[in-house]
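Colleague: There's a structure below that I have some questions on.
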């Protein structure tokens, strides 16, 4: 299959068109993924890898992901603060009815993002009132 469609040759030709930063970022992502697979199942192993993967993806996608990353970057703190509240108090286990981890993750991210936007809207009206009092 690889020989029939010249997959390796096409990949090499495609990589020749990449900039130096893109090649380094792609190599870093591959090394990080291989390193993660070799290290086994440690609870804290994702901490050094996550920022490097996000930075590499931002370079690799070359501006296409900027709006996506900015959206989640702006709402990340609110989402982080409310997601546990939704899992434990509001849904109290019902979120796991969705059964598949990726579906649970997407649903929780969507709910947390919507809640974060609502919090920002409320803050937009409350913050001027608080600033007047100070």
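Numbering (the numbering used here), first residue to last: 7 to 140. Just so you know, even glycine gets a beta-carbon here, dropped at the ideal spot from N, CA and C. Bear in mind that the values here come from a model prediction, so they are computed numbers and not experimental data.
1) What is the C-beta distance between residue 114 and residue 92, in whole angstroms, given that I count them as a contact (C-beta under 8 Å)?
2) Taking just the CA atoms, how far does residue 28 sit from residue 63?
3) By how many angstroms is the C-alpha of residue 58 removed from the C-alpha of residue 88?
4) Round the Cβ separation of residue 55 and residue 43 to the nearest angstrom and send it over; I've been treating them as touching at under 8 Å.
5) Hey, how far is the Cα of residue 125 from the Cα of residue 84?
6) Is the beta carbon of residue 96 sitting closer than 8 Å to the one on residue 102?
7) Among the residues of its own chain, which have a CB less than 8 Å from the CB of residue 60, if the five just before and after it don't count?
8) Could you tell me how far apart the beta carbons of residue 119 and residue 81 are, in whole angstroms, since I believe they sit closer than 8 Å?
9) Is DSSP giving residue 23 helix, strand or coil here?
10) When the Cα atoms are used, what is the spatial distance from residue 41 to residue 34?
11) In terms of residue numbering, what span does the alpha helix (DSSP H) encompassing residue 99 cover?
12) Could you spell out where the alpha helix (DSSP H) holding residue 94 opens and where it closes?
Modeller: On the basis of the coordinates in this document:
1) Indexing the chain shown from 1 puts residue 114 at position 108. Indexing the chain shown from 1 puts residue 92 at position 86. That belief holds up - the Cβ atoms of residue 114 and residue 92 are roughly 7 Å apart, short of 8 Å.
2) By one-based count along the chain shown, residue 63 stands at place 57. By one-based count along the chain shown, residue 28 stands at place 22. Each residue's alpha carbon lies about 9 Å from the other.
3) To locate residue 88, count along the chain shown from 1; it is residue 82. To locate residue 58, count along the chain shown from 1; it is residue 52. When rounded, the distance between both Cα atoms is 25 Å.
4) Numbered from its first residue, the chain shown carries residue 55 at position 49. Numbered from its first residue, the chain shown carries residue 43 at position 37. With 8 Å as the limit, residue 55 and residue 43 do not qualify as a contact, their Cβ atoms being about 11 Å apart.
5) Taking the chain shown and counting its residues from 1, one reaches residue 125 at position 119. Taking the chain shown and counting its residues from 1, one reaches residue 84 at position 78. Roughly 8 Å between the two C-alpha positions.
6) The residue labelled residue 96 in the question sits at position 90 within the chain shown. The residue labelled residue 102 in the question sits at position 96 within the chain shown. At a Cβ-Cβ threshold of 8 Å, residue 96 and residue 102 do not count as neighbours.
7) Within the chain shown, the letter at position 54 stands for residue 60. Close CB contacts of residue 60 within its chain, under the 8 Å cut and outside five residues either way in sequence, are with 75 (chain order).
8) Taking the chain shown and counting its residues from 1, one reaches residue 119 at position 113. Taking the chain shown and counting its residues from 1, one reaches residue 81 at position 75. A Cβ-Cβ separation of about 6 Å places residue 119 in contact with residue 81 under the 8 Å criterion.
9) Start at 1 with the first residue of the chain shown, and residue 23 comes out as number 17. Taken through DSSP and simplified to helix, strand or coil, residue 23 comes out as coil.
10) On the chain shown, residue 41 is found 35 positions in, with the first residue counted as 1. On the chain shown, residue 34 is found 28 positions in, with the first residue counted as 1. Distance between the alpha carbons of residue 41 and residue 34: 10 Å.
11) Within the chain shown, residue 99 is the residue found at index 93, counting from 1. Counted as a single uninterrupted DSSP element, the stretch harbouring residue 99 is not any alpha helix (DSSP H), since DSSP gives it neither H nor E.
12) As a working note, residue 94 is residue 88 in the chain shown. That residue, residue 94, is in no alpha helix (DSSP H); it is neither H nor E in DSSP.
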